[in-house]
Structures are given as C-alpha cells and as structure tokens.
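Offset between the sequence shown (1-based) and the numbering used here: plus 23. Below: the structure, in structure tokens.
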Amino acid sequence: PGMLAVGEALADACAQRRFLCVLGDAGVGKTFAVRTAARRLGAPVLLDLRAQSAPADLRAGLHGALELTGAPPADPRRR
C-alpha cells in the first residue's frame, strides 16, 4: 500500500477505534508509512507484529501498548 492509502486507513481505524494491520513484502515501507501517519494523527497505539510472534507475546504486547492494568490475558484454550 502507498503512503496515502496507509494514512487514510489508519485515520479511519482510529476514528472507528479499530485495529489496522498493514501487510506487504519486506522492505516496501510499511513501518515507515505507519509511523509517519501515526505521528500526523497524534500517536495512536502502535504494536509491531513480527511473523515469528507467539500468541502469548502478542497478548502481552497489546496489553502493554494499551497500558491495561493487571496481568496480560492467559491463553483462552488453557482454561
């Protein structure tokens, strides 16, 4: 996606209080586009998801990025 498309998608996601996932090949500027758009929008929460991220790491990262209290949620399959 281009810079303009990422900026518009991020603005829409923020306005609707939704998540946004930007996908693309390595080195095409995804991180740069998202960070640039985020600065213009007043720093929404950014969470960098790597292909090797484990579900527990994702839950903990999102929990921390949103500054939630308490412990990150446990694996729902292990209740």
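Every residue, glycine too, gets a C-beta built ideally from N, C-alpha and C. These figures come from a predicted structure and were not determined experimentally.
Can you tell me where the alpha helix (DSSP H) with F42 in it begins and where it stops?
Position 19 of the sequence shown holds residue 42. Looking at the DSSP string, F42 is not in any alpha helix (DSSP H), and its letter there is neither H nor E.
Quick check on DSSP: helix, strand or coil for L70?
Position 47 of the sequence shown, counted from the first residue, corresponds to residue 70. DSSP places L70 in coil when its eight states are reduced to three.
Would you tell me roughly how many angstroms separate the C-alpha atoms of T54 and A94, rounded to the nearest one?
Start at 1 with the first residue of the sequence shown, and residue 54 comes out as number 31. Start at 1 with the first residue of the sequence shown, and residue 94 comes out as number 71. Between T54 and A94, the C-alpha separation is close to 28 Å.
Pair within 8 Å by beta-carbon distance, A61 and L69
Here residue 61 refers to the residue found at position 38 when the sequence shown is read from its first residue. Here residue 69 refers to the residue found at position 46 when the sequence shown is read from its first residue. It is a contact, given that the beta carbons lie within the stated cut-off.
Going straight from the alpha carbon of L64 to that of S76, what length do you get?
As a working mapping, residue 64 is identified with position 41 in the sequence shown. As a working mapping, residue 76 is identified with position 53 in the sequence shown. Whole-angstrom Cα-Cα distance: 27 Å.
Alpha carbon of Q39 to alpha carbon of R101, nearest angstrom
Mapped onto the sequence shown, residue 39 falls at position 16. Mapped onto the sequence shown, residue 101 falls at position 78. If I take the Cα positions, the gap works out to 32 Å.
Tell me the residue span of the alpha helix (DSSP H) that contains P78.
Position 55 of the sequence shown, counted from the first residue, corresponds to residue 78. Unbroken alpha helix (DSSP H) run through P78: P78 to A88.
Applying the 10 Å Cβ sphere with the 16-neighbour rule, what's the burial state of A88?
Residue 88 sits at position 65 when you count from the first residue of the sequence shown. A88 comes out exposed.
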